[in-house]
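Colleague: If you scroll down you'll find the structure; I have some questions about it.
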Amino acid sequence: MATSPTVSSPNGKKLVKTKSGLRMINIIEDERSPFEIEEPIWKPDSDQMICDKCGVRFSFTTRKHHCRRCGKIFCGSCCTAKVSLPRLSFVDPQRVCTDCINVSKSESELFNNVLPILCKGAEFHLNDQTDVVSCKLEAKLNRNLIFTTSNKVEMQETVYLKDITTFQCLTDPLQTDKNGKGKLVGVNMKYIADNTTRELKMQVSNEIRNQKESLTFLIMLQKAMKMIFDAS
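Listed below in structure tokens is the structure:
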């Protein structure tokens with residue numbers, strides 16, 4: 001989809017105008033957040049005679065509308081809502097079909113509620129070690145996890161979210177929640193670095209000062225990784 005740059009910003013992004021609207025995208029493609037996706041390819045108008053949802057035939061009075069989230073073509077009744085599309089980097093709310101409303105709301109919830117918690121960070125033990133390490137999502141581009149100790153010494157290499165290949169929650173069967181499930185105590189992930197597969201375990205123990213904060217961080221990280229995996 002053709003774009004035309006309009007304004008560049010000091011944070012490495014530029015404002016571009018597409019046929020869908022204004023988008024704030026990265027100037028350097030490799031710096032794009034794994035939570036951001038490209039605009040969908042629009043179905044050609046000439047190939048579409050009926051609404052993709054209800055099947056009504058298009059005419060002079062029943063116009064065609066492209067959903068900005070999926071790119072399909074709908075009638076006005078099936079594509080009336082305008083919602084925020086942060087994953088597509090749109091500046092203003094965009095028209096979406098009824099099927100994409102819930103998807104778009106879920107994506108907005110991640111940007112508004114999940115990522116801020118990850119950027120705030122929390123404390124963990126790594127790989128069964130006793131040292132307490134702080135982990136947080138890099139705030140500018142939301143691309144990688146950063147690990148530091150209280151004296152700012154780096155204990156664990158940076159992990160890029162796009163390089164994580166597996167993500168598994170760790171539970172304690174001896175501690176159960178109200179649903180009878182084992183209590184969440186950590187996560188185990190595998191990621192690629194220097195062309196090799198590496199493993200990282202993040203755990204929450206009684207030695208962690210704010211266990212609730214750390215467990216919330218892990219739950220939010222799981223949600224974030226699910227969105228990345230679902231898009232791949």
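No gaps in the numbering here: position 207 of the sequence shown is 207 in UniProt numbering, and each next residue is one more. For each residue, glycine too, the CB sits at the ideal point set by N, CA and C. These figures come from a predicted structure and were not determined experimentally.
Reducing DSSP to helix, strand and coil, say where S134 ends up.
Modeller: Counted from its first residue, the sequence shown places residue 134 at position 134. Three-state DSSP puts S134 in a strand.
Colleague: In terms of residue numbering, what span does the alpha helix (DSSP H) encompassing L118 cover?
Modeller: As a first step, residue 118 is located in the sequence shown; it is residue number 118 there, counting from the start. Per DSSP, L118 belongs to the alpha helix (DSSP H) from 115-120.
Colleague: Are the CB atoms of R87 and F35 nearer to each other than 8 Å?
Modeller: For the purposes of this step, residue 87 is taken as the residue at position 87 of the sequence shown. For the purposes of this step, residue 35 is taken as the residue at position 35 of the sequence shown. Taking 8 Å as the Cβ cut-off, R87 and F35 qualify as a contacting pair.
Colleague: Secondary structure at T203, three-state DSSP: helix, strand or coil?
Modeller: Stepping through the sequence shown from its first residue, residue 203 is reached at position 203. According to the sequence as given, residue 203 is Gln; it is not Thr. In the structure shown, Q203 sits in a strand (DSSP, three-state: E or B).
Colleague: Rounded to whole angstroms, what's the CA-CA distance from K140 to R57? Just pull it up for me.
Modeller: Along the sequence shown, read from residue 1 onward, the residue named residue 140 stands at position 140. Along the sequence shown, read from residue 1 onward, the residue named residue 57 stands at position 57. In a straight line, the C-alpha of K140 is about 46 Å away from that of R57.
Colleague: Return the CA-CA distance between L110 and K223, expressed in angstroms with no decimal places.
Modeller: Here the question's residue 110 lines up with position 110 in the sequence shown. Here the question's residue 223 lines up with position 223 in the sequence shown. For L110 and K223, the distance between alpha carbons rounds to 8 Å.
Colleague: With C-beta atoms as the reference, is G12 less than 8 Å away from I28?
Modeller: Along the sequence shown, one-based indexing puts residue 12 at 12. Along the sequence shown, one-based indexing puts residue 28 at 28. Closer than 8 Å, so yes.
Colleague: Could you tell me which residues DSSP puts in a beta bridge with F147?
Modeller: Translated into the one-based positions of the sequence shown, residue 147 becomes position 147. Partner(s): C135.
Colleague: Who does N26 pair with in a DSSP beta bridge?
Modeller: Locating residue 26 in the sequence shown gives position 26, where the first residue counts as 1. In DSSP, N26 forms a bridge with K13.
Colleague: How many Å lie between C169 and V187 at the Cα?
Modeller: Along the sequence shown, read from residue 1 onward, the residue named residue 169 stands at position 169. Along the sequence shown, read from residue 1 onward, the residue named residue 187 stands at position 187. Each residue's alpha carbon lies about 4 Å from the other.
Colleague: Going by CA-CA distance only, name the one from D163, G180, I164, T165 that's closest to T171.
Modeller: For the purposes of this step, residue 171 is taken as residue 171 along the sequence shown, with counting starting at 1. Of the candidates D163, G180, I164, T165, the one whose C-alpha sits nearest the C-alpha of T171 is G180.
Colleague: Output yes or no for whether 8 Å exceeds the beta carbon distance between L184 and L145.
Modeller: Locating residue 184 in the sequence shown gives position 184, where the first residue counts as 1. Locating residue 145 in the sequence shown gives position 145, where the first residue counts as 1. The answer is no: Cβ separation not under 8 Å.
Colleague: Looking only at its chain, what residues have a beta carbon closer than 6 Å to the beta carbon of F147, apart from the 5 residues adjacent to it on each side?
Modeller: Within the sequence shown, residue 147 is the residue found at index 147, counting from 1. V133, C135, M155, Q156, listed in sequence order.
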